[in-house]
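To start, the structure under review is shown below, and the notes come after it.
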Amino acid sequence: METVAKDEGSVSLTIKKKVVDRSVRGRIDEFGKVLLPIILVASDGLEIEVEALINLQFGGALVIPEDLTAPLGWRCLGGRRVLQGSDTVRMNHYIGMMSLGGELKNVVVLGGAKTHPVLGQRLMAGRKLTIDFQQGLVVLE
Numbered sequence: 001m002e003t004v005a006k007d008e009g010s011v012s013l014t015i016k017k018k019v020v021d022r023s024v025r026g027r028i029d030e031f032g033k034v035l036l037p038i039i040l041v042a043s044d045g046l047e048i049e050v051e052a053l054i055n056l057q058f059g060g061a062l063v064i065p066e067d068l069t070a071p072l073g074w075r076c077l078g079g080r081r082v083l084q085g086s087d088t089v090r091m092n093h094y095i096g097m098m099s100l101g102g103e104l105k106n107v108v109v110l111g112g113a114k115t116h117p118v119l120g121q122r123l124m125a126g127r128k129l130t131i132d133f134q135q136g137l138v139v140l141e
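Take a look at the structure:
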């Protein structure tokens, strides 16, 4: 809690603002992949924590393995063509709910990552990302 006191003439006013820490601590694995924990929320409310690979070249929000979409019960919106490297591939896209640092968001998610979910620039916009390979530290504030 942060307390702010204001004196407006003869009336003293105290405003309490709740300071929310939205920072997320991740890790760098033995292969040098930068990973952050995220929570995927299934359609029945079940929360599943997974590690997502940070990809700063991906301008979207999130890509998850296709085999993870069925247990989540997320609604498929159909397929779309997506540029992946130098190839264009067809990927299903879904509406899903996820949490990154305690903040629940509805996001458009692509299905098709092969191993780890992939976290893109859209979910990190407006936040500070610190990666320290020497210390093995990853923090998204």
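Terminal number for the sequence shown in the working numbering: 141, no gaps in between. Think of the CB as a built atom: it goes at the ideal place given N, C-alpha and C, for glycine as much as any other residue.
### Query
Are E141 and R122 touching if we call contact CB-CB under 7 Å?
Along the sequence shown, read from residue 1 onward, the residue named residue 141 stands at position 141. Along the sequence shown, read from residue 1 onward, the residue named residue 122 stands at position 122. No, the pair does not count as a contact, with Cβ atoms beyond the cut-off.
### Query
Mind checking L119: buried by the 16 CB within 10 Å criterion, or exposed?
Position 119 of the sequence shown, counting from 1, holds the residue named residue 119. The residue is buried, with at least 16 neighbouring Cβ atoms inside 10 Å.
### Query
CB-CB under 8 Å to K105, same chain, minus the five flanking residues each way: which ones, in chain order?
As a position in the sequence shown, residue 105 is number 105, starting the count at 1. Within the same chain, K105 has close Cβ partners M97, M98, S99 and L123.
### Message
Could you compute how far the alpha carbon of L77 sits from the alpha carbon of K114?
### Response
Start at 1 with the first residue of the sequence shown, and residue 77 comes out as number 77. Start at 1 with the first residue of the sequence shown, and residue 114 comes out as number 114. Cα-Cα distance, rounded: 20 Å.
### Query
Distance, Cα to Cα, R75 vs L40?
In the sequence shown, the residue the question calls residue 75 occupies position 75. In the sequence shown, the residue the question calls residue 40 occupies position 40. In a straight line, the C-alpha of R75 is about 14 Å away from that of L40.
### Message
Just to confirm, is the Cβ distance from A61 to V24 under 7 Å?
### Response
Position 61 of the sequence shown, counted from the first residue, corresponds to residue 61. Position 24 of the sequence shown, counted from the first residue, corresponds to residue 24. No, they are not a contact pair.
#### Entry: Nearest-angstrom Cα separation, counted from V82 out to H93
Position 93 of the sequence shown holds residue 93. Position 82 of the sequence shown holds residue 82. Distance between the alpha carbons of H93 and V82 is about 10 Å.
### H116 to E51 span [Cα, whole Å]
On the sequence shown, residue 116 is found 116 positions in, with the first residue counted as 1. On the sequence shown, residue 51 is found 51 positions in, with the first residue counted as 1. Whole-angstrom Cα-Cα distance: 7 Å.
### Message
By the DSSP assignment, the alpha helix (DSSP H) with Q121 in it spans what residues?
### Response
Against the sequence shown, residue 121 aligns to sequence position 121. Q121 to M124 is the span of the alpha helix (DSSP H), which, as asked, contains Q121.
### Query
Any idea what DSSP makes of D67, helix, strand or coil?
For the purposes of this step, residue 67 is taken as residue 67 along the sequence shown, with counting starting at 1. Helix at D67.
### Task
Just tell me which of L35, G111 and L129 has its CA closest to the CA of T69.
For the purposes of this step, residue 69 is taken as residue 69 along the sequence shown, with counting starting at 1. When each option's Cα is compared against that of T69, the closest is G111.
### Task
Might you give, ordered along the chain, the residues of its own chain that have their beta carbon closer than 7 Å to the beta carbon of F58, omitting 5 neighbours on each side?
Locating residue 58 in the sequence shown gives position 58, counting from the first residue. So the qualifying residues of the chain are V118, G120 and Q121.
### Message
Please report the straight-line C-alpha distance between I64 and S43, rounded to a whole angstrom.
### Response
Working through the sequence shown from its first residue, we reach residue 64 at position 64. Working through the sequence shown from its first residue, we reach residue 43 at position 43. C-alpha separation (whole angstroms): 16 Å.
### Task
Answer yes or no: do L35 and L56 have a C-beta to C-beta separation smaller than 7 Å?
Translated into positions along the sequence shown, residue 35 becomes position 35. Translated into positions along the sequence shown, residue 56 becomes position 56. With respect to the 7 Å criterion, L35 and L56 are not classified as neighbours on the basis of their beta carbons.
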